[in-house]
Every structure is written in C-alpha cells, then in structure tokens.
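Participant:
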Amino acid sequence: MLVTGTRKRPLGRTIVHVAVVLALAFGVLAGAGGYWAVVRSSDLSQSPYDPAVIAASRRVPRGDIIDRDGNVLTHNEKDANGELYRSYSGDEISHVVGYASPRYGRVGLELAYDAELSGLAGDPLADALRKFGTNPYDPKDLHLSMSWDLQRASVSALGSHRGAVVMLDPRNGEVLALASTPTYDASAITNPATADRAFQSLRDDAAQPLLPRATLGRYVPGSVFKIVTAIAGLGSRAITPDTTYKEQPPAEKDGLLVEGFRIRDGHHPQTGDALLDLTSATEVSCNIWYALTGLETGGEQLVAYADRLGFGSSIPFDLPTAPSQVTNESGSAPGGFVDDVELANAAYGQGETFVTPFQMALVASTIANGGDLMKPRIVTSISGRNGSRQIGPSPMAHVLAPNDAAAINRAMVRAVEGPLGRQFTTGAKVPGVTTAGKSGTAELGGRGEPHSWFIGFAPAESPTVAIAVLVEQAGRGAEVAAPIAGRLLAKALETQR
Amino acid sequence: MTGASRPAAPRPVELPRILGDIHPRPRWTETRLLLVVAVALVVGSISLGAGLTGRLAPYEPTLLVIYLVTLAGAHVANVLAGRRSDEVLLPVVGLLGGISLLLMQRLPQDLVTIDVAGSTLGLGAVQLIWLVLAIIVATTLGIVVRSDSWLRQYKYTWAAAGIALLLLTFVFGTDVAGQRLSLRIGPFAGQPSELLKVILVVFLAGYLSENRSLLIEQDTRIGPIRLPPLPYLAPMVAMWAIALLIVVVQRDLGAALLFFAVFLALVYAATGRISLVVIGAILFFAGSALMANIFPHVRDRIDIWLDPFADPLGSGYQVVQSLLAFARGGLIGVGLGEGLPTVGGRPPIPEVHTDFPLAALGEELGLVGVIAILGLFFVVIERGLRIGAAAADDFRAILATGLALVVGVQAFIIAAGNLKVLPLTGVTLPFVSYGGSSLLVNAIVVGLLLALSDRGVEPPPPPSGVRRWRDRLRPRRAR
Chain A
2 MLVTGTRKRP LGRTIVHVAV VLALAFGVLA GAGGYWAVVR SSDLSQSPYD PAVIAASRRV
62 PRGDIIDRDG NVLTHNEKDA NGELYRSYSG DEISHVVGYA SPRYGRVGLE LAYDAELSGL
122 AGDPLADALR KFGTNPYDPK DLHLSMSWDL QRASVSALGS HRGAVVMLDP RNGEVLALAS
182 TPTYDASAIT NPATADRAFQ SLRDDAAQPL LPRATLGRYV PGSVFKIVTA IAGLGSRAIT
242 PDTTYKEQPP AEKDGLLVEG FRIRDGHHPQ TGDALLDLTS ATEVSCNIWY ALTGLETGGE
302 QLVAYADRLG FGSSIPFDLP TAPSQVTNES GSAPGGFVDD VELANAAYGQ GETFVTPFQM
362 ALVASTIANG GDLMKPRIVT SISGRNGSRQ IGPSPMAHVL APNDAAAINR AMVRAVEGPL
422 GRQFTTGAKV PGVTTAGKSG TAELGGRGEP HSWFIGFAPA ESPTVAIAVL VEQAGRGAEV
482 AAPIAGRLLA KALETQR
Chain B
383 MTGASRPAAP RPVELPRILG DIHPRPRWTE TRLLLVVAVA LVVGSISLGA GLTGRLAPYE
443 PTLLVIYLVT LAGAHVANVL AGRRSDEVLL PVVGLLGGIS LLLMQRLPQD LVTIDVAGST
503 LGLGAVQLIW LVLAIIVATT LGIVVRSDSW LRQYKYTWAA AGIALLLLTF VFGTDVAGQR
563 LSLRIGPFAG QPSELLKVIL VVFLAGYLSE NRSLLIEQDT RIGPIRLPPL PYLAPMVAMW
623 AIALLIVVVQ RDLGAALLFF AVFLALVYAA TGRISLVVIG AILFFAGSAL MANIFPHVRD
683 RIDIWLDPFA DPLGSGYQVV QSLLAFARGG LIGVGLGEGL PTVGGRPPIP EVHTDFPLAA
743 LGEELGLVGV IAILGLFFVV IERGLRIGAA AADDFRAILA TGLALVVGVQ AFIIAAGNLK
803 VLPLTGVTLP FVSYGGSSLL VNAIVVGLLL ALSDRGVEPP PPPSGVRRWR DRLRPRRAR
C-alpha cells in the first residue's frame, strides 16, 4: 500500500524499512509486556514489595486471636483514611500477641502467624481468582491455650516488679500464661494517631518494656537450677535418690574446697551434721550437696541432660525464645566448662549459667509429667472459612525415667511442704493441694539484690499446672517469687476445676 | 485563528478569507471511527465508575462529555473545511487522549491541582483542559496550514531557535529531581525539549531534502568503507554533540535518545545508507559508555535497568513498582479503577501520571490493553509514514516521516522504560501522559501531519536555483 506502482518514490522504500524496524521494536515491547504480565505474573504478585499485598494487610481485617475461654483479644479499628489498624484487649497480652503496625512492623504472634492472620497464606486457587472475588482473602483466627484471666493475674501479681511468669499444662505443653513485666500498650503502637510518640518513648525506656522477659530474658538461675542437676545426676545414674556425701557435713561450716575455691553453703543451720540425701538436700537447698552431685555427674552429662530439656538452642515454640546455657563453653573440660570450680558452681546455678524463665518452666513441667517433656505451644488451633486445623500435643523429649522423676517430685514437695523447706518457700503452698517446687536466689556477684526465682507444679500427685516465676532483683526466692507462685497456682487450679 | 475550528460558527460566509470558500466534504471514515471511539470511551467510563463507586454508571461523566463534544467539534470543523486530510489520525489520537482522561480521572486528583477563579481543579479536569486545547491546536493546524514554505524556507532560523531554546534551558532551566527539564517564562512552565523535537524534524527535513542527492551519490572512500562527503557529516557530528550535551547538562537521557534515534532514522530514510546509521549508532553507544563512566547518574540509571530488584525499596523502586503493576494486571487486567492499590492514600508508583501511565493501564487493562495501546501508537506511526511515502516532494516526505517518528520513538522509549526493555527515562507517553507541553507539542505534530496529508494543499515549489545548478553538475538518477 505504501508504494503504489506509478507513484513509486525513492523515499518510499526506505520509509518502509523504517516502518518494519519500528514494527519489530513495538513487537519487542509487546513481548516484554507478555513476559511481565503473564510469565512472571504469579511470582511477582506475591512479592512483599507489591502494594497490593501491603494494602490488603490494611484493608482486609486480620483474623482474631482468641484465648482459651473464648475471649477475643484483638480488634480491628478504622483510622481517618478508612484503613484498618489493630487494637488489643489489654496491656497484659502484649508480650504474647505482640502488635501488627504498618509503621513499626510485626512482633509476637502477629508476626509468627502473619500469613494466617492476614489471610495471605498460600492458596494458589484463591490467588488465581483473587481479582474476581469480593473478599478473596481468608484471614484465619488463632485459638490460644493462654487464659487471659491467668495472664492478667500473672501481670498483676508481678506488680511493679520487673519479672516474668510462665505457666503451662505439663500434660500437653499448653501454655496457660506467659507474662512479662513491665508490659506496654500495644494498641498505642498500632494506632496511627499515637504510634510515633508511643514507640519512641517505649524504645527509650530504661526498663525495656518491649522485651518479653519470659522468653527472651536470660537470667542467673540460682538454686532453681538444682532441679536440672538432679535430673542429670539421676538420669546418668551418677547418683541415686539416696546418695550422700561424707564431705558434706564438715563442709557446711567452712565451705567445700574445690581446686582451691571454697564453695560456701547457704544458711541452713537446722540440719547440723546430718548427712543429706536428694530429698533433704533439696528441702534445705544445700549448695554443697548439689556441687558434689554436679562433680559426680560430670560436665558432659550435665550439659547433655540440660540439652534434652531444651538448653543450648532456641526452644521450638510459637514465639522466639533465647537459648539458655549451662556454661558459655569457653573451657576445654568435658561439657565446655573451664574447670571443676565452674562445674560445681553451675550445679547450683551460679556459674556461667543463664536461663530464660520459659526454659525453667519446661524443667518443672518435665518433672511434673513424669520425665517426659511435651512440646510447648500457645496456639492450639487455627480456624478459617474452610474449617480449622488443630495443633495437637506432641512430645518434645523423653528426659528421665518415671521413677527418677517421681524422686525429684517428692524432693520438690518436701521443699515446699517439709518443716524446713517451708521456710525457704513461704507462700508457695496451695492450700489443700500438695504442692511441689523449688525456690532460687540468684546472686549477681555483688551487683544489687539477687533475682528471686520459683519453679514448681501442683497437684504433686497428678500435676496439671507447672510454673516458673522470676522477679528481677527482688531479694530471696522465698520472699517474693514463692508467694506469687502459690497464688497463681491456686488460681490456675481453680480455673481448671 | 482558533475561530476556524469552531464548528458551531453558523454563518460560514463570515469565516476568515484564508480558508477560502466553504465546500463541506463528508469524512465518513472519520465519522465511523469516532463513533467507535465514543462508544469505547463511554464503556470505559462506565467500567471506571463500576470500579470506583460500585455503581454501573459513567464516572463523573461531565469531563468525558466535554471531551467527546470537542472531538465531535473537531470532526465537524474538518468536514466543513472540506479538507481531504487523513481520516484515521484524529480518531486514533482521540482514543489515546480519552484513555488518558479516564486514567487521570482515576488517579488521585491532588497529584496536580490548579486554582482557577476560586475553585480548585484536580488532575482530571486540568488534563481535560490540555486535551481540549490540544485537539483545537491539531485541528486548527490541520485546516489552516495550506503551505509549507514557512517551514521549508527558514530551516536555519528554526535550527537557531532550537539551539537558543536549548541554551535557555541550560542556563535558566529549573532542576526537577536532578534533571534540568523545565523552563519557566512568567507564569508558564514547560519542557522545551518537547518543542525542540519538532524543530529538529523541521530542520532535518530541510537539510536532508536539499542535500539528499549529494549524500546518496558522492563518496569519500576510507579504505573499504564508503562514506558520504565528509563536510556533509558535520550535522551528524553536531547532532551527536548536542545529544551528549543534553545528557550532560540536562541529565535528560530520554530526550537525547529520542533526538538521536529520530535523526538516524531520518538520515536512513533520506539516503538509504545503512553505513551512516551504523556509524551513528556506534558513536552514540561509545558516547553513552563514556558518559556512564564519567557521570554517576548515568551509571545509576543503567544499574537500575540491569537489576531493579537489587534495591527494590530505594533506587529501583519506580521500576519495580511498574513491573509489579504489569504483573498484577496479568492477561486481561484487573479492570479500570480496580487496580493501583494505594498505600497510605498514595498511588504505588511515583510519577505515575507522567512517567508510568502505561504501567497503570497495564495493571487495569492487562496485557490486552497494553498491546492495544501499543497498536494505537503504531497506527499513528503507520499513518505518518504513509503520509510521508505519498508526499509530493522530499521535504514533505522527510517531514512527515520525522513527525511520525518523534511520536512513535518517544512512545517506544517510555514504554520500553516501563517494561524494563530500556533504562527508564523521563520522557512522556505522547497523548496519554499528564502534561501541557507534551500534549500541545504532540498536537502540533498531529496538526502538521493532517496538513501534510491534505491533497489540496499548495504544491511544493520547484527545485531551487542552487539545486538546479548542482543537479547540472551531477544529474540525479531518474525517478
């Protein structure tokens, strides 16, 4: 058409060439369009940089997070732009539920289950039909084992202290309460009107309210670690429940000399020169007996049994956890200890030992469940439009033979209910219920008051609640942590009844 | 002059003399195509309304009605004027402009606001004003221009004006986002490089048509390579220097690429010598490589082009967001008004209304829509080249070809930037992007093409004396 016979012009031919080149160039563009719009469409559409993905998170209401009694803990509110933001039922749950803020990201369960809560969790069919549907996203609800009631009780029991409470059901690993103080108002971070100010002040707060102490705080355990030593000693057959040490009575007065270092005992003059066994040593929290047990067991076995309990790496859980350690493994002695002095100190919780309250709750839970540690979990089911998915109980580790666990159980009952034990664990006893436990006073090497610890469970015959309580720099375990634990155990048992 | 395009003028007898007598002439192809365009745009507006408001009704129909009435007016003016000009250009450009109007209505209106007489006009209304002005300009030029002598005779004046414009921009231009693109004269701000491209084509048409036979037939031999006479390569070197200067001073890679590509294409169209194109391309790439080594902003553009996903939230953000928009659109798109998810009330792609209209349309109309829009641009190119091939003499042929190329190559450059085929540059998508200078200059292009296509225009002047003298020395090949 461009070149007609009689009107043929010299320019016509070259113009046709130009037209052909441009046609090819536009063909390349169409090809590139096809590449991006069709070939790469599905994988690019899930890109985290895609504003559709980001916008959906603001337009589609996130799923609910619901406690074990059916209380809905999360709410979706609308801001001035009509975009949704989260608010939460209370400060007490902030360290569990966390927050989902467009500006400050996600934390806690809001982060761990972001895909489910936002409804973007991969469903290829839904993705393909997304553009045709009116509500193509399927946000899922999380059902927790946590009880808001117990959680509130835990936070208020800690009061103005910095500390943590972990309660779980030893039979199935369900976490009943996971409290850390101080806590914070997560709704202030998610509300666009207050977000910047709230986040700044929380981040600058010296009390570190944003730190979930229960799962990420690492503390010197003190005497509550003795339960780990007992597990390792009995489990490795280094000791029996009846083991006594003839070095122990004389050392009560002058201390036990280990490689030139003198380990002194706490204050239990009541036992005098008596030879102590597992039960009586636990009742009075005898450092000498446990140091000797640690040396008898050896570093390698102590660390090995601690690892079975979850030490040495992050505990598999819905929320991130800090790894607990028996030793910092800087030495070349078995297990990574520097020498026997460090091992002996670690055996009663004063070496290079650092633990999370969550880890210590698992230790108590292991004894309570007859030596079998159940995998801890706080989300028990996820429900959506198309039904729900249960996250069932599953074992985490077989740590100890049932009869060995029973021996430690008996010793821990004596530590709470025995005539001498009572003085170390005042207030831990749940009235009318056999209560087992162990207090701890973690010395910080002269830097202020010791951390106050308690771990335990009840009823001792068939435990349904295990607990760990830590109160930072609050003094002796008997004075602060034990009464908190007693009250909370009583409340937990009451709600279970 | 604009009065000529007013279709409503009821007393044709009183129209200005320059139009001569009124001999209305039906343009049925244009009528039918415009009806198709009107139906398509109304359907688009209803689709947009469904997407934005949920009701099956046109979205803010006043703007579209004004636009369609303007198109109809342009058609009536063409009919009344009795011109035998191209009947496809107006409907095709009208459809592109209508798509632009729908897109600008659909984007956040506060991207551009102008206060007029106490009321604030948003993006859609402002774009409509420019579109209406553009249609008036194109139609007026198409009807009024009956002679090309004002372009033909003053080619060096035009070239001087162009260079002056360029220098003015270099010196007085305002920097926007690191590019010195816009020139402000009083209350008016515009992008001179838009106008410059037309001036360039006019100059090249004059220069190449005058020296065409020399460039074709004389050779300078350097070894086995046969080149045109060296003095006649001077403009080519000058063009190359100007293009690089634009890159250096204005940091406007897109304009430089556009000028040079159009220049090479016209040199080829006029001479048929592929060697010139190859040499020019080598010069351009060598210059670009040199620029990339010397100037970090050029290097950055190329790095972003090679891998925008290396920094998807930083330097690569625009391109990544553009590609994600195409991906969301898929084959058939998400529908007008349904795409472009806003985050915090802002559109996902920065400068979507000027630099990325194709990506926005790619999301909402899908690959089908992108190919349709590319097809519309190719129709504009094809009509322009057809006008060139059918032109009465070399000047008009090269002019029409060049005018078609400035639109087509510019559309290609920005579409290619959106699709990661070329590095992203800041040129507009003709007829679609928001922007007064872009729309008006492209309207001038369309108007000139309409005028050139009219078989009724004044015949070209006979070959000039100089040319006859040259031809006597070395007779031209028979036509």
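Those protein sequences? They're chains A and B, same order as listed.
Residue numbering for the first sequence follows the numbering used here, beginning at 2 and increasing consecutively.
Residue numbering for the second sequence follows the numbering used here, beginning at 383 and increasing consecutively.
Ideal Cβ placement from N, Cα and C applies to all residues, glycine included.
What does Ala33/A touch in chain B if you count any residue whose Cβ is under 8 Å from its own?
Facilitator: Reading the first sequence from its first residue, position 32 is the one you call residue 33/A. In chain order: Ala798, Leu801, Lys802, Val803.
Participant: List the residues of chain B whose Cβ lies closer than 7 Å to the Cβ of Arg41/A, in chain order.
Facilitator: Position 40 of the first sequence, counting from 1, holds the residue named residue 41/A. Chain B residues near Arg41/A: Ala709.
Participant: Please confirm if the region 478-492 of chain A is in contact with the region 158-175 of chain A, defined as three or more CB-CB distances below 8 Å between the two stretches.
Facilitator: Taking 8 Å as the limit for Cβ pairs, the verdict is that the region 158-175 of chain A does touch the region 478-492 of chain A.
Participant: Classify Phe667/B as buried or exposed, calling it buried when 16 or more other Cβ atoms lie within 10 Å of its own Cβ.
Facilitator: On the second sequence, position 285 is the one that residue 667/B refers to. Phe667/B is exposed by the Cβ-count criterion.
Participant: In angstroms with no decimal places, state the Cα-to-Cα distance between Glu764/B and Ala20/A.
Facilitator: Along the second sequence, read from residue 1 onward, the residue named residue 764/B stands at position 382. Along the first sequence, read from residue 1 onward, the residue named residue 20/A stands at position 19. Using only the alpha carbons, I get a separation of about 7 Å.
Participant: State yes or no: is the beta carbon of Val660/B nearer than 8 Å to at least one beta carbon in chain A?
Facilitator: Position 278 of the second sequence holds residue 660/B. Residue-level contact by beta carbon fails for Val660/B and chain A, as no gap is shorter than 8 Å.
Participant: Going by C-alpha to C-alpha distance, which of Asp685/B, Ala754/B, Leu665/B sits closest to Ala674/B?
Facilitator: Here residue 674/B is taken as the residue at index 292 of the second sequence, counted from 1. Ala674/B has its Cα closest to that of Asp685/B, out of Asp685/B, Ala754/B, Leu665/B.
Participant: Is it right to say Arg378/A is buried, meaning 16 or more other beta carbons lie within 10 angstroms of its own, or is it exposed?
Facilitator: Residue 378/A sits at position 377 when you count from the first residue of the first sequence. Buried, because 16 or more other Cβ atoms sit within 10 Å of the Cβ of Arg378/A.
Participant: For the alpha helix (DSSP H) that contains Glu78/A, what are its first and last residues?
Facilitator: One-based indexing of the first sequence puts residue 78/A at position 77. Per DSSP, Glu78/A belongs to no alpha helix (DSSP H); it is in the beta strand (DSSP E), 75-79.
Participant: Out of curiosity, what's the CA-to-CA distance linking Tyr650/B and Gly500/B?
Facilitator: Position 268 of the second sequence, counted from the start, is the residue given in the question as residue 650/B. Position 118 of the second sequence, counted from the start, is the residue given in the question as residue 500/B. Taking the straight line joining both Cα atoms gives about 53 Å.
Participant: Which residues does DSSP pair with Ala275/A in a beta bridge?
Facilitator: Walking along the first sequence from the start, residue 275/A turns up at place 274. None, per the DSSP bridge assignment.
Participant: How many angstroms separate the CA atom of Asp597/B from the CA atom of Ala625/B?
Facilitator: Here residue 597/B refers to the residue found at position 215 when the second sequence is read from its first residue. Here residue 625/B refers to the residue found at position 243 when the second sequence is read from its first residue. Reading off the sequence shown, one finds Leu at residue 597/B, where the question assumed Asp. For the pair Leu597/B and Ala625/B, the Cα-to-Cα distance works out to about 22 Å.
Participant: If we require 4 or more residues per run, which alpha helix (DSSP H) segments fall completely within the region 431-493 of chain B?
Facilitator: 443-463, 471-488
Participant: Any beta-carbon of chain A closer than 8 Å to the one on Pro730/B?
Facilitator: As a working note, residue 730/B is residue 348 in the second sequence. Answer yes: the Cβ-Cβ gap between Pro730/B and chain A drops below 8 Å somewhere.
Participant: If you draw a straight line from the alpha carbon of Val29/A to that of Arg465/B, how long is it in whole angstroms?
Facilitator: As a first step, residue 29/A is located in the first sequence; it is residue number 28 there, counting from the start. As a first step, residue 465/B is located in the second sequence; it is residue number 83 there, counting from the start. About 37 Å.
Participant: With a threshold of 16 other CB atoms inside 10 Å of the CB of Asp142/A, please say whether the residue is buried or exposed.
Facilitator: Here residue 142/A corresponds to residue number 141 of the first sequence, with the count starting at 1. Result: buried.
Participant: So what does DSSP say about Pro396/A, is it helix, strand or coil?
Facilitator: In the first sequence, the residue the question calls residue 396/A occupies position 395. If DSSP states are grouped into helix, strand and coil, Pro396/A belongs with the strands.
Participant: Name, please, each residue of chain A whose Cβ falls closer than 8 Å to the Cβ of Tyr650/B.
Facilitator: For the purposes of this step, residue 650/B is identified with residue 268 of the second sequence, where counting begins at 1. Per Cβ cutoff of 8 Å: Thr15, His18, Val19.
Participant: Whole angstroms is fine: what's the gap from Thr653/B's alpha carbon to Asn460/B's?
Facilitator: Here residue 653/B is taken as the residue at index 271 of the second sequence, counted from 1. Here residue 460/B is taken as the residue at index 78 of the second sequence, counted from 1. Their backbone Cα atoms lie some 35 Å apart in a straight line.
Participant: Cα separation between Trp540/B and Leu577/B?
Facilitator: Looking up residue 540/B in the second sequence gives position 158. Looking up residue 577/B in the second sequence gives position 195. Going by the C-alpha atoms only, they are around 11 Å apart.
Participant: Counting only the same chain and skipping the five closest in sequence on each side, list residues whose C-beta sits under 6 Å from that of Gly352/A.
Facilitator: The sequence position of residue 352/A within the first sequence is 351, counting from 1. Contacts found: Glu343, Asn346.
Participant: Quick one: list the residues of chain A neighbouring Leu713/B, beta-carbon separation under 7 Å, in chain order.
Facilitator: For this step, residue 713/B is matched to residue 331 along the second sequence. Ala38, Val39, listed in chain order.
Participant: Using 10 angstroms around the beta-carbon of Ala437/A, count the other beta-carbons present and answer buried if the total reaches 16, otherwise exposed.
Facilitator: The count along the first sequence starts at 1 and reaches residue 437/A at position 436. That one is buried.
Participant: Quick one: is Leu23/A near chain B, going by C-beta distance under 8 Å?
Facilitator: Counting from 1 along the first sequence, the entry for residue 23/A is found at position 22. Cβ-Cβ to chain B under 8 Å: yes for Leu23/A.
Participant: Looking at the structure shown, is Thr241/A part of a helix, part of a strand, or coil, going by DSSP?
Facilitator: Numbered from 1 along the first sequence, position 240 holds the residue referred to as residue 241/A. Coil.
Participant: Using a 10 Å radius around the Cβ and a threshold of 16 neighbouring Cβ atoms, would you call Thr495/B buried or exposed?
Facilitator: For the purposes of this step, residue 495/B is identified with residue 113 of the second sequence, where counting begins at 1. Classification of Thr495/B: exposed, given that the 10 Å Cβ count is below 16.
Participant: For Thr367/A, name the three-state secondary structure that DSSP assigns.
Facilitator: Here residue 367/A refers to the residue found at position 366 when the first sequence is read from its first residue. Thr367/A falls in the helix class under three-state DSSP.
Participant: Buried or exposed, going by whether 16 or more other CB atoms sit within 10 Å of the CB of Ala369/A?
Facilitator: Residue mapping note: residue 369/A aligns to position 368 of the first sequence, counting from 1. Its Cβ being crowded by 16 or more others within 10 Å, Ala369/A is buried.
Participant: Ser46/A touches chain B at which residues, Cβ-Cβ below 9 Å?
Facilitator: Your numbering for residue 46/A matches position 45 in the first sequence. Near Ser46/A (Cβ distances below 9 Å), the residues of chain B are Leu706, Ala709, Arg710, Gly712.
Participant: Using 10 angstroms around the beta-carbon of Arg488/B, count the other beta-carbons present and answer buried if the total reaches 16, otherwise exposed.
Facilitator: As a first step, residue 488/B must be located in the second sequence, where it is residue number 106. Arg488/B comes out buried.
Participant: Report yes if the C-beta distance between Val811/B and Ile769/B is below 8 Å; otherwise report no.
Facilitator: Indexing the second sequence from 1 puts residue 811/B at position 429. Indexing the second sequence from 1 puts residue 769/B at position 387. Sequence inspection shows Leu at residue 811/B; the Val mentioned does not correspond to that position. The Cβ atoms of Leu811/B and Ile769/B lie no closer than 8 Å to each other.
Participant: Report yes or no: is there a C-beta of chain B within less than 8 Å of the C-beta of Asp197/A?
Facilitator: If you number the first sequence from 1, residue 197/A lands on position 196. With 8 Å as the cut-off, Asp197/A does not count as an interface residue toward chain B.
Participant: Would you say Leu85/A lies against chain B (beta-carbon separation less than 8 Å)?
Facilitator: Indexing the first sequence from 1 puts residue 85/A at position 84. So, not an interface residue.
Participant: Is the region 735-745 of chain B touching the region 71-80 of chain A, taking contact as three or more C-beta pairs under 8 Å?
Facilitator: Verdict: no, contact absent.
Participant: Ala741/B: which of Val761/B, Gly766/B, Pro443/B, Arg710/B sits nearest, CA to CA?
Facilitator: Here the question's residue 741/B lines up with position 359 in the second sequence. Per the Cα distances, Arg710/B.
Participant: Let me know the secondary structure DSSP gives Leu503/A once reduced to three states.
Facilitator: Since the first residue shown for chain A is 2 and the last is 498, residue 503/A is missing from the structure and cannot be characterised.
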